[in-house]
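There are 2 protein chains.
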Amino acid sequence: MTTASDTIPHPARAELELAAVLHALSDAHRLRIVAGLAAGIDPRTCGSFTLPVTKSTCTHHFKVLREAGVIRQRQEGTARLNTLRREDLDARFPGLLDSILASAAAA
Amino acid sequence: MTTASDTIPHPARAELELAAVLHALSDAHRLRIVAGLAAGIDPRTCGSFTLPVTKSTCTHHFKVLREAGVIRQRQEGTARLNTLRREDLDARFPGLLDSILASAAAA
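Protein chains in written order, with my numbering: chain A, 482 to 588; chain V, 482 to 588.
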């Protein structure tokens, strides 16, 4: 059965590209989102982040992160839940996410 | 004495911003430039890189890298020489450059 959540496209691990991942992380708001996801274990909705941007801009940031393979999104009813693709990122780009999160935390 | 090379603006180490550095590295050509600079010890000119782009695009890529603090540029006669700001990057963002270079090399 195909559900709505199946239709959200995600690149496979082997398809992740370094330049695209770095681009997705090259924005202060998106860095905050990723740091927030990395700090917890539960999926989070866009609205759970208190970013000084409109809802549509927030949605855009999550889309950029998903399309680069940084996060995974799934639909549950009216909520779109987001999780960090840490295992995929660590497998493809060892040490990259940790160094970026550490640098973001120190900023 | 103020020379032409003094007028090329560079951010100080303390001014380097993670998002700007990641943006500068979020392009396949700029990743190649940085990998090339990291692999050698000598300053290199824009023209020493065989990138499939026009000279003006190459100049643009170096400007983006310089403005983000990834490289240092100095003018010697008609040549603009480029070096990687490895010490500054390693001091501000420990492990970041190495993880990016390793990921770029593995791609």
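Think of the CB as a built atom: it goes at the ideal place given N, C-alpha and C, for glycine as much as any other residue.
Quiz prompt | Residue from A/Thr526, A/Phe543, A/Val534 and A/Arg494 whose Cα sits closest to the Cα of A/Gly558 | solution = A/Thr526
Quiz item: From A/Phe530 to V/Phe530, what distance separates their C-alpha atoms?
Solution: 43 Å
Quiz item: Which of the three DSSP states, helix, strand or coil, is assigned to V/Thr483?
Solution: Only weak support exists for where V/Thr483 lies, its pLDDT of 43 falling under 50; the coordinates are left without a value.
Quiz prompt | Within 8 Å, strictly: CB atoms of V/Arg547 and V/Gln554 | solution = Contact flag set, yes.
Quiz item: Looking only at C-alpha atoms, which of A/Leu497, A/Thr488, A/Pro492 and A/His491 sits nearest to A/Phe574?
Solution: A/Leu497
Self-check item: Residue-chain proximity (V/Ile581, chain A), Cβ-Cβ < 8 Å
Solution: yes
Practice problem: Would you mind sorting A/Gly550 into buried or exposed? The rule is 16 or more other CB atoms within 10 Å of its CB. | Solution: buried
Quiz item: Apart from the five residues just before and just after A/Lys536, which ones in its own chain have a Cβ nearer than 8 Å to its Cβ?
Solution: Counting only residues of its own chain and dropping the five nearest sequence neighbours on each side, A/Lys536 has a CB closer than 8 Å to the CB of Cys527 and Gly528.
Quiz item: Whole-angstrom Cβ separation of A/Leu512 and A/Ala560, contact assumed at under 8 Å?
Solution: Incorrect: roughly 23 Å between the Cβ atoms, too far for contact.
Self-check item: Chain-ordered neighbours of V/Ala585 on chain A, where CB pairs are closer than 7 Å
Solution: Leu499
Self-check item: Through-space distance from V/Cys539 to A/Arg567, alpha-carbon basis
Solution: 34 Å
Practice problem: Could you pull the start and end residues of the alpha helix (DSSP H) that V/Ile514 belongs to? | Solution: Ala509 to Ala520
Practice problem: Just confirm the distance between the C-beta atoms of V/His504 and V/Leu532, as a whole number of angstroms; I'd bet it's less than 8 Å. | Solution: Incorrect: roughly 19 Å between the Cβ atoms, too far for contact.
Quiz item: In three-state DSSP terms, what is V/Leu578?
Solution: helix
Exercise. Tell whether a beta-carbon distance below 8 Å holds between V/Leu570 and V/Leu562.
Key: no
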